[in-house]
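**Q** Attaching a single structure in structure tokens format; questions to follow.
Residue numbers (the working numbering): 1 to 424.
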């Protein structure tokens with residue numbers, strides 16, 4: 001298995017995009033993974049080996065935050081797999097892949113030692129009898145939707161309001177439920193529905209944007225501390241292994257050929273990891289650049305991302321140059337003509353077509369430069385391995401950031417290049 005499963009329906013895909021950390025979404029993903037694992041065998045006497053690859057899938061299956069959504073049997077199988085992987089790393093006489101292949105062979109030839117080890121491990125499973133709040137919430141959602149479909153709008157509104165009042169979730173997910181409340185309210189009061197939707201959008205900018213009443217919130221580094229921002233990011237993870245897996249998955253999505261939404265989300269996450277104030281104006285307010293970072297002394301980095309452009313493309317088109325010019329004009333309008341900003345277009349070519357022009361200074365980040373940036377970020381994360389994430393000193397963090405050229409002024413010099421304007 002090489003990647004996370006994806007949802008078939010547009011509604012489920014939209015919910016996953018809007019609420020990536022939702023327990024309901026994660027439970028559905030876990031169920032799909034278990035279904036995939038189960039297809040390796042047909043009956044009780046069947047056996048097979050399943051290799052889990054792909055950084056996002058590995059992160060989901062190992063992370064404490066998402067591993068809990070699997071059944072006890074699957075969790076134990078994951079633990080066995082991790083133990084085998086650790087054994088492969090410890091065997092210095094053979095390459096890890098040879099050790100793994102040897103273990104798979106033991107299983108396939110029904111080695112008695114392997115069978116005994118597997119059976120003894122599976123016998124240690126403790127059944128989880130705790131009632132899951134996830135299923136209770138799903139039932140309430142279904143009942144509320146049923147009220148709405150039957151035209152009992154007031155009952156649907158009351159039911160959804162009670163569900164929201166009882167939730168213990170982050171603002172992203174609460175915004176999602178407020179949007180559902182706005183939908184249920186619309187048939188009885190359009191004005192009230194729009195008011196609720198505004199509240200929903202303020203909590204989660206991935207949701208539907210109201211036609212009026214939403215203003216852009218400028219970002220600034222006033223009252224910010226970069227090193228504290230980095231620590232805040234790291235506190236999301238229980239240990240170094242979880243941090244490492246998460247960063248690897250994010251950097252995998254920061255690659256050419258990746259769907260634009262995933263790429264831009266990864267770039268925003270990288271900005272947060274590096275301690276910058278990170279924003280996606282185009283996604284959040286449907287206007288402005290794809291990504292915007294703010295560093296110390298209000299030094300801004302503006303990114304226009306073209307991750308889906310073919311690697312064989314020869315030129316930056318007139319239309320793409322026009323898009324960049326619009327975003328530069330938007331930034332100037334919001335932050336003023338004297339703001340300190342470096343502007344980047346992430347695209348596979350540095351040649352600007354004869355018909356196109358940039359109105360501001362723009363530099364290009366091509367695949368080779370993006371790879372260098374990702375390698376430096378990986379190097380920075382590896383430096384943290386010997387430390388407790390909560391106890392890294394300011395001097396140490398600053399030293400590692402400087403060593404790997406991850407300060408705001410490094411991006412223009414280290415990871416970008418001048419464009420070439422084609423002539424006839």
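We put the CB at the ideal spot given by N, CA and C, even for glycine.
Alpha helix (DSSP H) containing residue 118: first to last residue?
**A** First-last of the alpha helix (DSSP H) with residue 118: 112-122.
**Q** Let's see if you can read the secondary structure: which residues bound the beta strand (DSSP E) around residue 300?
**A** Taken as a continuous stretch (DSSP letters only), the beta strand (DSSP E) holding residue 300 covers 299-305.
**Q** Going by alpha carbons, who is nearest to residue 3 out of 38, 19, 9, 59?
**A** Selected option, being the one with the closest Cα: 59.
**Q** What did DSSP end up calling residue 334 once you bin it into helix, strand or coil?
**A** Reduced to three states, the DSSP call for residue 334 is helix.
**Q** Residue 385: buried (16+ other C-beta within 10 angstroms of its C-beta) or exposed?
**A** Counting Cβ neighbours within 10 Å, residue 385 comes out exposed, since fewer than 16 surround it.
**Q** With a Cβ-Cβ cutoff of 7 Å, do residue 354 and residue 424 count as a contact?
**A** Yes, they are a contact pair.
**Q** If you measure between the beta carbons of residue 416 and residue 371, is that distance less than 7 Å?
**A** Taking 7 Å as the Cβ cut-off, residue 416 and residue 371 do not qualify as a contacting pair.
**Q** Judging by CA-CA distance, which residue of 258, 333, 348, 361 is the nearest neighbour of residue 342?
**A** Minimum Cα distance to residue 342 is reached at 361.
**Q** So, using beta-carbon positions, are residue 278 and residue 271 closer together than 7 Å?
**A** Yes; because the gap between Cβ atoms is below 7 Å, this pair is in contact.
**Q** Hey, residue 185 and residue 194: beta-carbon distance below 7 Å or not?
**A** Contact flag unset, no.
**Q** Whole angstroms is fine: what's the gap from residue 49's alpha carbon to residue 157's?
**A** Computed Cα separation, rounded: 49 Å.
**Q** What first and last residue would you give for the alpha helix (DSSP H) that runs through residue 200?
**A** Looking at the DSSP string, the run of the alpha helix (DSSP H) that includes residue 200 is 190-203.
**Q** Taking only three categories from DSSP, how would you classify residue 62?
**A** Helix, per DSSP.
**Q** Over what stretch of residues does the alpha helix (DSSP H) that includes residue 295 continue unbroken?
**A** Unbroken run through residue 295 is the beta strand (DSSP E), 291-295; no alpha helix (DSSP H).
**Q** If you measure between the beta carbons of residue 367 and residue 256, is that distance less than 7 Å?
**A** The answer is yes: Cβ separation under 7 Å.
**Q** With a 10 Å radius around its C-beta and 16 neighbouring C-beta atoms as the bar for buried, classify residue 304 as buried or exposed.
**A** Classification for residue 304: buried.
**Q** Quick one: is residue 119 buried, meaning 16 or more other Cβ sit within 10 Å of its Cβ, or exposed?
**A** So residue 119 counts as exposed.
**Q** With distances taken Cα to Cα, identify the nearest neighbour of residue 127 among 414, 215, 29, 68.
**A** For residue 127, the nearest C-alpha among the options comes from 68.
**Q** Ignore the nearest five residues each way along the sequence and tell me which others in residue 22's own chain have a CB closer than 6 Å to its CB.
**A** Only 173 meet the Cβ criterion.
**Q** Which of helix, strand or coil does DSSP assign to residue 314?
**A** Residue state, collapsed to three classes: coil.
**Q** Any heavy atom of the ligand GDP inside 6 Å of the beta-carbon of residue 296?
**A** By its list of ligands, the structure shown contains no ligand whatsoever, and the ligand GDP lies outside what it can speak to.
**Q** Of the choices 162, 247, 344, 406, whose alpha-carbon is the least far from that of residue 226?
**A** Checked all of 162, 247, 344, 406; the closest Cα to residue 226 is 406.
**Q** Kindly indicate the opening and closing residues of the beta strand (DSSP E) around residue 364.
**A** Start and end: 363-365.
**Q** State the DSSP-derived secondary structure class of residue 420, mapped to helix, strand or coil.
**A** Residue 420: strand per DSSP, three-state reduction.
**Q** Can you grab the Cα-Cα spacing for the pair residue 161 / residue 142, in whole Å?
**A** Straight-line Cα distance between these residues: approximately 14 Å.
**Q** Please go through the stretch 360-395 and give each complete beta strand (DSSP E) segment of 3 or more residues, from N-terminal end onward.
**A** Taking only runs of at least 3 residues, the beta strand (DSSP E) segments lying wholly in the stretch 360-395 are 363-365.
**Q** Of all the options 359, 301, 263, which has the alpha carbon lying nearest to the alpha carbon of residue 329?
**A** Nearest C-alpha to residue 329: 359.
**Q** Quick one: grab the DSSP three-state call for residue 343.
**A** Here residue 343 sits in strand by DSSP.
**Q** May I ask you to report which of helix, strand or coil DSSP gives residue 277?
**A** Correct three-state label for residue 277: strand.
**Q** Give me the residue from 202, 28, 284 with the minimum Cα distance to residue 8.
**A** Of the candidates 202, 28, 284, the one whose C-alpha sits nearest the C-alpha of residue 8 is 28.
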